[in-house]
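S.K.:
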Amino acid sequence: MRIDDPSEAQLPELRALWKEAFGDDDDFLDAFFSAAFSPDRCRCLTEDGRVVAALYWFDCRLDGRPLAYLYAVATARHFRRRGLCRRLMESTRELLRELGYAGIVLVPGEKSLVPMYARMGYSPCCGVREFSCRAAHPPVTLRAVEPREFAALRRQYLPKGGVIQEGENLDFLAATTRLYAGEDFLYVPGQELLGRADAAPGILTALGQERGTFRTPGDEKSFAMYLPLTDAPAPAYFGLAFDE
């Protein structure tokens with residue numbers, strides 16, 4: 019078996035593996051491979067030239083240091099329980115260390131994966147608060163913003179120790195949902211609410227929704243896991259997760 023960057027000819031195999039592992043539709047995959055994919059941020063494990071496992075990462079930053087947000091780790095169904103995922107992740111870890119990344123952050127897609135990642139050296143991090151509420155009048159004023167403006171605003175709202183996610187992170191989000199700004203808050207549906215948490219009921223009213231769930235910085239539970247590659251401290255907050 020061989021671990022390497024993917025070739026253009028292997029893109030159909032990567033898409034097929036992704037569909038098998040996560041069940042996402044073609045629209046979602048089109049958004050990812052057009053807005054976020056780069057062969058330089060993907061590693062795949064092949065057997066006889068066939069892709070049997072793959073992973074991707076997004077570039078992020080914390081206090082000026084580069085982090086890798088590991089994403090969409092998958093092994094083909096008939097090749098599971100052979101340690102291939104661990105082998106691919108360990109190889110990628112060493113590559114990222116050589117490339118100068120300070121650490122790796124990931125968000126387990128299921129609670130059952132937490133022990134596996136813990137055995138690989140990842141520790142829980144990045145506290146959040148999650149809450150549900152009903153819509154309430156009056157609605158707040160929302161405006162959809164483009165990724166570049168959202169990135170500039172988000173830096174102002176991130177708590178200390180928050181991971182900066184820009185570039186392909188926001189391009190991918192913008193291809194799948196809207197990015198909103200309001201008075202003293204930022205909101206990404208299904209992702210995060212930064213700033214005024216009490217704006218949540220008015221956001222639902224503005225979007226015509228009766229009830230919704232929100233995630234904000236907090237200390238109720240850990241949201242991500244972190245593996246340091248240098249002496250860099252673990253991030254305190256990580257908000258834009260695409261594994262959900």
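Residue numbers (my numbering): 19 to 262. Don't be surprised by glycine CBs; every beta carbon is placed ideally from N, CA and C.
1) Between the region 125-140 and the region 216-235, are three or more C-beta pairs nearer than 8 Å?
2) If I follow the unbroken beta strand (DSSP E) through P142, where does it start and stop?
3) Looking at the structure shown, is R166 part of a helix, part of a strand, or coil, going by DSSP?
4) Grab the span of the beta strand (DSSP E) containing S109 for me, first residue to last.
5) Using DSSP bridges, identify the partner residues of V206.
6) Excluding five sequence neighbours on each side, which residues of the same chain lie with their C-beta closer than 6 Å to the C-beta of R196?
7) Return the first residue and the last residue of the beta strand (DSSP E) that A71 is part of.
8) In whole angstroms, what separates the C-alpha of A217 from that of R229?
9) If contacts are defined as beta-carbon pairs under 8 Å, then L35 and V69 qualify, I think. What distance do you get, rounded to the angstrom?
10) Going by DSSP, name the residue or residues bridged to M243.
11) Using the Cα positions of D202 and L171, report the straight-line distance between them to the nearest angstrom.
12) Just confirm the distance between the C-beta atoms of L63 and R95, as a whole number of angstroms; I'd bet it's less than 8 Å.
M.R.: With the structure as the only source:
1) no
2) 141-152
3) helix
4) Element bounds for S109: not the beta strand (DSSP E) but the alpha helix (DSSP H), 102-116.
5) E210
6) A162
7) 68-80
8) 13 Å
9) 6 Å
10) L124, P142
11) 10 Å
12) The Cβ separation is near 15 Å, so there is no contact.
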